[in-house]
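To start, the structure itself, in structure tokens.
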Amino acid sequence: MAELVFFSGTMDCGKSTLALQMDHNHRARGRGGVRFSRDDRAGESRISSRLGLQKDAVEVEDSTDFWEEVMRRRTQGQRVDYLICDEAQFYSPEQVEQLAKVVDEIDVDVFAFGISADFRTRLFPGSQRLIELADRVQVLQVEALCWCGRRATHNARTVDGVMVTEGAQVVVGDVDMAPDPLASARSGHVPVVGYETLCRRHYMRRVTGHGAHLMAEQDQLLPFEVDACLWQGANGGGTGPGTD
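In our numbering, each number is its position in the sequence shown, counted from 1, plus 15.
Written out as structure tokens, the structure is:
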């Protein structure tokens, strides 16, 4: 029987790579499918992986109705056995309900891929509805890593390299985006919005890899010593409580 499956994880854990691989595997077995995405890093109507893989896709808009999309294709004689739905965190709850209807009423598999929580650690509305309705929620086994080497569990947004916890929920950006001093100099100031995956410890402390390395360079410390540096700085240079 058809299923609605939500593959979830942080940024940089291979969601789009898996989406493209699953699409390839199903097509190789003679199944017909449709790829959907929204606000992909490569631009409109694309599914792109950080490994360099890209495929065309149908861009999901606010007005997109998945039930109508599938029925229109089937009416035209196109075979639709499954849907690949990338960047599903950006879908509306109503669109997720349409996906569930496609699974239940016409036996089409739906494989959705997305981030569960935003940079404020709050669930995206689309992801929340997927968790509520999916037959299975599968956390991806490829673990993204924090700059400290621990498993990354949180998505942090940075503006000019500094972590922020307020702002619009959806701002398109990517990991490994660093400020460009030359661009800022030419235009006065162009804030660069980027994202970084962090472990819970460094998310709560608001210590990004960019900030940690700056502090390490200033104090001639290695990155794994930055936590002790932060503690001493907060206590006027005194001795911290030891390692945790």
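We put the CB at the ideal spot given by N, CA and C, even for glycine. Keep in mind it's a predicted model, so treat the numbers as computed, not measured.
Arg-220 has its alpha-carbon roughly 32 Å from the corresponding atom of Ala-127. When the Cα atoms are used, Gln-93 and Thr-180 turn out to be separated by approximately 45 Å. In the DSSP assignment, His-39 is bridged to no other residue. Residue state for Leu-155 is assigned as coil, using DSSP reduced to three classes. The C-beta distance from Phe-134 to Ala-171 rounds to 6 Å, short enough to meet the 8 Å contact threshold. Excluding its 5 nearest sequence neighbours in each direction, Leu-68 has C-beta neighbours in its own chain below 6 Å: Leu-35, listed in chain order. For Tyr-218, there is no enclosing beta strand (DSSP E); the enclosing alpha helix (DSSP H) has its first and last residue at 215–220. As the crow flies, the alpha-carbon of Gln-113 is around 21 Å from that of Arg-46.
For Arg-144, the uninterrupted alpha helix (DSSP H) segment begins and ends at 140–148. Only buried fits Leu-33, as 16 or more other CB atoms lie within 10 angstroms of its CB.
Cβ atoms of His-169 and Arg-215 come within 8 Å of each other, at about 6 Å. Between Val-207 and the set Gln-153, Arg-56, Val-174, the nearest pair of CA atoms involves Val-174. Taking a C-beta distance under 7 Å as the contact criterion, Gly-141 and Val-117 do not qualify as a contact pair. DSSP places Leu-114 in the uninterrupted alpha helix (DSSP H) bounded by 108–121. Leaving aside the five residues that flank Asp-96 on each side, the residues in its chain whose CB is nearer than 8 Å to its CB run, in chain order, His-41, Arg-46, Gly-47, Gly-48, Val-123, Asp-124. Ser-78 counts as exposed, since fewer than 16 other C-beta atoms from the protein chains shown sit within 10 angstroms of its C-beta. The Cβ atoms of Asp-54 and Glu-102 lie closer than 7 Å to each other. In this structure, the alpha-carbon of Ser-131 lies about 30 Å from that of Arg-87.
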